[in-house]
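Enquirer: I'd like to ask some things about the structure below.
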Amino acid sequence: MELPSAELLEERILILAPSGKDAQSVAVALDRAGLAEFACSDLVDLCAELDRGAGAALVAEEALRDGRCLIDWLERQPAWSDFPILLAAASRGTGLRRLRPLGPLGNVVLLERPLRSVTLVTAAQSALRARRRQYQVRDHLRERERAAAALRSLNETLEQRVHERTHALEQANRRLIAETEERKQIEAVLRQAQKIEAVGQLTGGVAHDFNNLLTAVLGNLEFIGMRSRDEATQKLVQTAVRAAERGAQLTQQLLAFARKQHLQPKPVNVNDVVGGMGGMLARTIGTTIRIEQMLDTELWPALVDPNQLELVILNLAINARDAMPVSGKLSIETANVAAGDPARAPDLPPGDLIRVSVRDTGTGMSEDVLAKAFEPFFTTKEVGRGSGLGLSQVYGVAKQSGGDVRIRSGLGQGTTVEVYFPRARTAALDQAKETAAAQNIPGGSELVLVVDDDRDVRELITLSLGSLGYRTLEAANGRAALEILDKVETVDCLLVDYAMPGMTGADVARVARERRPSLPILFTTGYADMQALHMQVQDAPLLKKPFKVAELAERIQMVLRRGEVQPAGASNVLPLRPHGR
């Protein structure tokens with residue numbers, strides 16, 4: 000049962016009438032008047048209930064034969080209390096005799112028997128009003144005591160609080176100074192990022208035109224090489240092809256910090272990639288740093304985008320070069336990491352992994368720097384010398400590829416970065432097989448609509464498709480392509496450049512699909528930033544410029560076999576995002 004609150008207890012009228020029916024009749028009268036009452040069995044019970052709380056007490060004279068308990072309780076009252084007692088006496092004379100022991104203690108009211116309800120209720124209400132005023136005085140005194148105690152506490156702790164406040168102000172001042180300095184650093188980083196963004200925008204525009212140019216150059220060189228049997232001419236063509244391919248690679252490197260790469264993982268021989276970068280690394284790092292390669296001859300193939308793998312190694316090599324300003328040694332090592340290897344770190348991704356380790360003998364990193372090494376835009380280099388994106392890109396590529404990255408370093412102890420990639424299920428295609436595949440180029444007889452605003456590229460694609468047996472139609476822009484689709488009943492494939500003035504390739508594809516829902520579409524692009532394309536066209540078959548005839552033929556065949564290029568459970572229709580989203 001829920002106990003009454005202190006406020007309710009203090010409103011009670013205690014009744015002590017051990018003989019007769021007085022207790023019952025008094026209780027009934029008080030209850031009818033809406034007053035709380037409680038009957039006690041004897042003086043001990045009465046004193047116990049007084050300790051709990053009461054507003055007044057009605058006591059029959061016969062209950063006071065031994066009233067020492069009540070007298071003691073009244074003597075212990077605090078200074079603010081004068082507890083009211085209603086004494087029910089048989090007659091005035093007898094009542095006065097019974098009242099003498101209590102008279103000196105204060106607030107006693109005599110009620111003659113037989114008790115009248117009106118008299119009883121009036122006396123009880125008056126006693127309660129007097130008691131409530133006493134409680135108000137009590138509460139006021141307590142509040143004064145609390146205020147005095149609080150004031151004493153404030154006075155006692157004033158010096159401490161002044162010290163704490165002074166300390167807090169000093170801390171706030173230090174935070175303000177630190178935030179001001181941090182803001183200056185952020186503004187410097189922002190300016191650097193804006194420079195990178197501006198360079199990226201400029202480079203992106205240049206890359207589109209430059210890759211179109213390289214597409215025409217490489218394509219025509221390929222045709223010259225296929226048609227000429229002269230050994231000297233073949234030599235010249237090969238030299239020109241290598242130079243053009245270096246130009247394409249340079250474009251990719253220029254765009255590295257200005258784009259979010261769409262990964263195209265495939266089985267890769269990491270040793271071949273590392274070995275093929277020897278010349279580029281030597282030119283990038285310089286002659287004062289010795290490069291050492293320790294490649295596992297039994298290395299498994301890795302499932303990774305080969306272009307991004309090169310970017311990872313290049314970024315780590317550049318960081319190592321900057322950590323060895325005078326001279327040093329750069330070591331690149333490859334190794335297999337089996338799933339059940341007991342020496343393997345437990346928090347690595349599950350399954351077999353391939354590890355690429357890049358180690359330098361440079362200045363190393365402190366613990367604070369090491370903790371922030373992978374944060375974007377964090378760099379210890381001077382503003383203008385580094386973007387702070389190198390290691391964050393390495394981390395992003397490793398994670399996006401399903402792998403991981405670890406870094407170990409110490410001041411004066413050099414730095415080792417270990418990048419992990421998942422093992423591929425199939426073997427990497429070696430150069431000999433790629434050459435054999437290039438010589439066995441698939442063809443067809445389907446009708447392909449070629450849409451590209453660059454005339455040289457458009458003519459090269461048409462020439463390439465014609466050499467493979469395909470029939471072609473040409474359009475210099477999106478509107479011309481849609482007009483052809485309206486006039487020609489059967490078009491087997493739409494090959495469209497993504498970046499065109501007026502209507503982009505995505506716009507052309509969207510309208511074309513509205514008219515011909517099952518039309519296979521292949522996008523080409525000379526701009527390496529795939530994010531904008533994939534924001535508008537999901538799972539789009541894509542051919543990056545510059546490309547070879549074999550790559551064009553392979554991609555056309557994949558698009559024509561639509562069921563083989565769609566994800567499991569997907570339809571044959573490419574999902575095109577609505578314009579503007």
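When you line the sequence shown up against numbering that gives the first Met the number 0, it's residues 0 to 580, in that order. Note that beta-carbon positions come from the ideal geometry of N, C-alpha and C, so glycine has one too.
1) Looking at the unbroken beta strand (DSSP E) that takes in C46, where does it start and where does it end?
2) Give the secondary structure of N318 by DSSP, where H, G and I count as helix, E and B as strand, and everything else as coil.
3) Contact between the stretch 390–405 and the stretch 445–459 is defined here as three or more beta-carbon pairs at a separation below 8 Å; is this criterion met?
4) So which of S40, L484, V416, V27 has the shortest CA-CA distance to L493?
5) If you compare alpha carbons, which of L213, S463, D229, A22 is closest to R241?
6) From A123, H166, G468, Q170, pick the residue whose C-alpha is nearest to that of V108; which is it?
7) Comparing C-alpha positions only, which one of P341, R282, W299, I555 sits nearest to I317?
8) Would V507 and A480 be called neighbours here (beta carbons separated by less than 8 Å)?
9) Taking DSSP as the reference, what is the three-state secondary structure of P266?
10) By Cβ distance, which residues of its chain are closer than 7 Å to A426, with the 5 residues on each side in sequence left out?
11) Below 8 Å between beta carbons: does that hold for V447 and L459?
12) For A431, count neighbouring Cβ atoms within 10 angstroms of its own Cβ and tell me buried if that reaches 16, exposed if not.
13) Roughly how many angstroms lie between the CA atoms of S152 and W79, to the nearest whole one?
14) Kindly indicate the opening and closing residues of the alpha helix (DSSP H) around M502.
15) Does the beta-carbon distance from A87 to L110 come in below 8 Å?
16) Whole-angstrom Cβ separation of I14 and E36, contact assumed at under 8 Å?
17) Where DSSP assigns a beta bridge to F82, which residues make up the other side?
18) In terms of residues, what are the limits of the beta strand (DSSP E) holding R478?
19) Out of R141, E550, G442, L347, which one is the CA nearest neighbour of V418?
20) Is Q307 near the ligand ATP, going by C-beta to nearest heavy atom under 7 Å?
21) Nearest CA to the CA of L63: which residue from E48, R51, E513, I84?
22) Using the Cα positions of V510 and E488, report the straight-line distance between them to the nearest angstrom.
23) Where does the unbroken alpha helix (DSSP H) through R282 begin, and where does it stop?
24) Determine, using beta-carbon pairs with one atom in the stretch 277–294 and one in the stretch 221–239, whether at least three such pairs fall under 8 Å.
Expert: Straight from the coordinates:
1) First-last for C46: 42–51, but that is the alpha helix (DSSP H), not the beta strand (DSSP E).
2) helix
3) no
4) L484
5) L213
6) A123
7) R282
8) yes
9) strand
10) P266, P300
11) no
12) With a pLDDT of 49 at A431, under the threshold of 50, the modelled position of that residue is not reliable, and the figure given next carries that caveat. A431 should be labelled exposed.
13) 26 Å
14) M502 -> no alpha helix (DSSP H), and no H or E assigned at all.
15) yes
16) 6 Å
17) DSSP output for F82 lists no bridge partner at all.
18) Not the beta strand (DSSP E): R478 falls in the alpha helix (DSSP H), residues 477–486.
19) L347
20) Within the structure as shown, the ligand ATP is missing, as the structure has no ligands at all.
21) I84
22) 16 Å
23) 277–284
24) no
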